[in-house]
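Numbering (UniProt numbering), first residue to last: 1 to 305.
And the structure:
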């Protein structure tokens, strides 16, 4: 009976075009349990949070969840704190990704030649990107400490007073950007260096024959050929930067006040400080919509140089 069932399933899959021959079902059969579990882990929270965004559910109140349809989104768009977090999020992503792109591209151009110890240098440059965000955040928090931090110690050597980096609004926002840029610029470098290494030589030879300057070669030859890689790197970084949470949480917890309360901090506080689960779920899907909008825009425009 098992063999008959197997043949029936194989025949149906071949008929529908999922398999080319009967033996192909064996690998899928072994993969199926893991794929089902992985699919449940990935998709169940997505579906559950989407459904939850249409309910008013405060975990501190009795009565359970109440269906409110779009009320959470309407309440969200009328909340000044939400729009403040959106502005901070856009600034954080734009400044961080722009600086990471500039540094990554600059270092990739600088190291795009053979030299002694090149492999060691490139490996060392990639180390920050492998550090856990929470570890990076804690490290910078200690470095920014006004009394014992390494940065203020260096400032003191030049006769200046300690700077309260994490207790002043402007300084705190700059501080989290510096942390993010330090940790993630090697990601840009890694992608752009690999792309630079694979560019064809013929366009450069033609540019040399025509007497183009170094800037003209970079502007009209290198940059256009790097465009697809830049777009991919920027999209990946934007999506990743929109998810930034743990490093900011351990550095400032969104403070001082709400100076560093980007959307992920706003969502966390509403969910686990105020227990507004439906409201925070709605905010999380607005964050997803922003990420999709950024990505679609970049793919469609392809950075018109």
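Glycine included, C-beta positions come from ideal geometry on N, C-alpha and C.
Predicted model, so just to flag it, every value in this text is computed and none were measured.
Q: Go to residue 279, then tell me how far its alpha helix (DSSP H) extends in each direction, as first and last residue.
A: Looking at the DSSP string, the run of the alpha helix (DSSP H) that includes residue 279 is 277-301.
Q.
With three or more C-beta pairs closer than 8 Å as the rule, is the stretch 35-55 touching the stretch 280-290?
A. yes
Q.
My output table needs one value for residue 82: the three-state DSSP class, helix, strand or coil.
A. Here residue 82 sits in helix by DSSP.
Q) Near residue 158, which residues of its chain fall below 6 Å by C-beta distance, leaving aside the five closest residues on each side in sequence? A) none
Q) In the structure shown, what three-state DSSP assignment does residue 66 receive? A) strand
Q: Please confirm whether residue 236 and residue 263 have their CB atoms less than 7 Å apart.
A: no
Q: Return the first residue and the last residue of the alpha helix (DSSP H) that residue 232 is part of.
A: 223-242
**Q.** Status (buried if at least 16 other CB within 10 Å, exposed otherwise) for residue 64
**A.** Under this definition residue 64 is an exposed residue.
Q | Close beta carbons around residue 298, own chain, < 8 Å, minus the five adjacent residues each side | A | 231, 234, 235, 238
Q: Report yes or no: do three or more beta-carbon pairs, one from the stretch 242-257 and one from the stretch 125-135, lie closer than 8 Å?
A: yes
Q) Are there 16 or more other CB atoms within 10 angstroms of the CB of residue 265, so buried, or fewer, so exposed? A) buried
Q: Select from 104, 150, 151 the residue whose C-alpha is nearest the C-alpha of residue 128.
A: 104
(Q) When you compare the CB positions of residue 151 and residue 96, do they come within less than 7 Å of one another, or not? (A) no
Q. With DSSP run on the structure shown, which of helix, strand or coil describes residue 173?
A. Here residue 173 sits in helix by DSSP.
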